[in-house]
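Participant: Pasting a structure below so you can have a look.
In my numbering, the protein residues as written are 8 to 212.
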């Protein structure tokens, strides 16, 4: 049995590894801290049977590994301190098996691992509370951007103004303005600040 642990903190990798070994001592555990290494483990034979992954990776992976697991029918657990209705909704669309908050304690982690390995569903108390909450909130939905729009928003999200962005991307300022206007229209953003906020939320998590 091959299990991937994907987290950019070695201490957490080691802690999760210990919990797995307490349940299945002979499991082959592969620890990865970068998106590239995790993708390689998943796509290179013999692949993996299960994955336990964080969402808040410095490389900005977001849902990349959960989406790969879903595409390949690999059971996976999300172990992250990042929990809100938008992310829960996105993960449910890609059939997350278990979702455990890092703030929920070791018992929830153990339970999540056990349920994952047994092919069952599990959400910790915080995730369940988030799912069941009827509190109104403003959606932070993922943006739909063309390649050109994404390039513009990426540069602007780093603090550059539109004149600087035009020079960096070697395009006219009018083109920058058109990309921003179109991106706001398609994604129903009330203003430029909302566009940046939503971009940073998903692409720089």
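Ideal Cβ positions, reconstructed from N, Cα and C, are used throughout, including at glycine. The structure presented is a predicted model; accordingly, all values stated were derived computationally and were not measured.
Quick one, are the C-beta atoms of residue 12 and residue 59 less than 7 Å apart?
Facilitator: The count along the chain shown starts at 1 and reaches residue 12 at position 5. The count along the chain shown starts at 1 and reaches residue 59 at position 52. Cβ distance < 7 Å, so residue 12 and residue 59 count as in contact.
Participant: Sort 63, 176, 28, 76 by Cα distance to residue 47 and report the nearest one.
Facilitator: Within the chain shown, the letter at position 40 stands for residue 47. Among 63, 176, 28, 76, the Cα nearest to that of residue 47 is on 76.
Participant: For the segment 146 to 187, which segments carrying the alpha helix (DSSP H) assignment without a break, of at least 4 residues, lie completely within its bounds, in sequence order?
Facilitator: The segment 146 to 187 contains these whole alpha helix (DSSP H) runs: 154 to 164, 169 to 176.
Participant: Just confirm the distance between the C-beta atoms of residue 205 and residue 161, as a whole number of angstroms; I'd bet it's less than 8 Å.
Facilitator: For the purposes of this step, residue 205 is identified with residue 198 of the chain shown, where counting begins at 1. For the purposes of this step, residue 161 is identified with residue 154 of the chain shown, where counting begins at 1. Not really, about 13 Å apart at Cβ, beyond 8 Å.
Participant: Which residues does DSSP pair with residue 29 in a beta bridge?
Facilitator: Sequence index remark: in the chain shown, residue 29 carries index 22 (1-based). BP columns for residue 29 are empty, so no partner.
Participant: By the 10 Å Cβ neighbour count, where 16 or more other Cβ atoms means buried, how is residue 128 classified, buried or exposed?
Facilitator: As a first step, residue 128 must be located in the chain shown, where it is residue number 121. So residue 128 ends up on the exposed side.
Participant: Would you check if there are 3 or more beta carbon pairs closer than 8 Å linking the segment 24 to 32 to the segment 111 to 121?
Facilitator: The segment 24 to 32, when compared against the segment 111 to 121, does touch it at the 8 Å Cβ threshold.
Participant: Span of the alpha helix (DSSP H) holding residue 42?
Facilitator: Your numbering for residue 42 matches position 35 in the chain shown. Here the alpha helix (DSSP H) through residue 42 covers 42 to 50.
Participant: Nearest-angstrom Cα distance between residue 189 and residue 70?
Facilitator: Against the chain shown, residue 189 aligns to sequence position 182. Against the chain shown, residue 70 aligns to sequence position 63. Looking at the two C-alpha atoms, the distance is approximately 25 Å.
Participant: For residue 207, which residues of its own chain have a beta-carbon under 7 Å away from its beta-carbon, when the five flanking residues on both sides are left out?
Facilitator: The residue you call residue 207 lines up with position 200 of the chain shown. Result list for residue 207: 164, in chain order.
Participant: Can you have a look at residue 18 and say buried or exposed, based on whether 16 or more other CB atoms are within 10 angstroms of its CB?
Facilitator: The residue given as residue 18 occupies position 11 in the chain shown. With fewer than 16 Cβ atoms within 10 Å of its Cβ, residue 18 is classed as exposed.
Participant: Over the uninterrupted alpha helix (DSSP H) stretch that includes residue 76, give me the two end residues.
Facilitator: Position 69 of the chain shown holds residue 76. Start and end: 71 to 78.
Participant: Pairing CB atoms from the segment 97 to 116 with CB atoms from the segment 130 to 138, are three or more of them under 8 Å?
Facilitator: Touching, per the Cβ criterion.
Participant: Considering only the alpha carbon of each residue, which of 22, 62, 43 lies closest to residue 83?
Facilitator: Working through the chain shown from its first residue, we reach residue 83 at position 76. That would be 62, whose Cα lies nearest to the Cα of residue 83.
Participant: Could you tell me if residue 96 is buried or exposed, where buried requires 16 or more neighbouring beta carbons within 10 angstroms of its beta carbon?
Facilitator: Here residue 96 is taken as the residue at index 89 of the chain shown, counted from 1. When all chains shown are included, residue 96 counts as exposed.
Participant: Can you find the residues in the same chain that come closer than 8 Å, C-beta to C-beta, to residue 176, ignoring five residues on each side of it along the sequence?
Facilitator: In the chain shown, counting from the first residue as 1, residue 176 sits at position 169. Taken in chain order, the residues that qualify are 158, 159, 162, 183.
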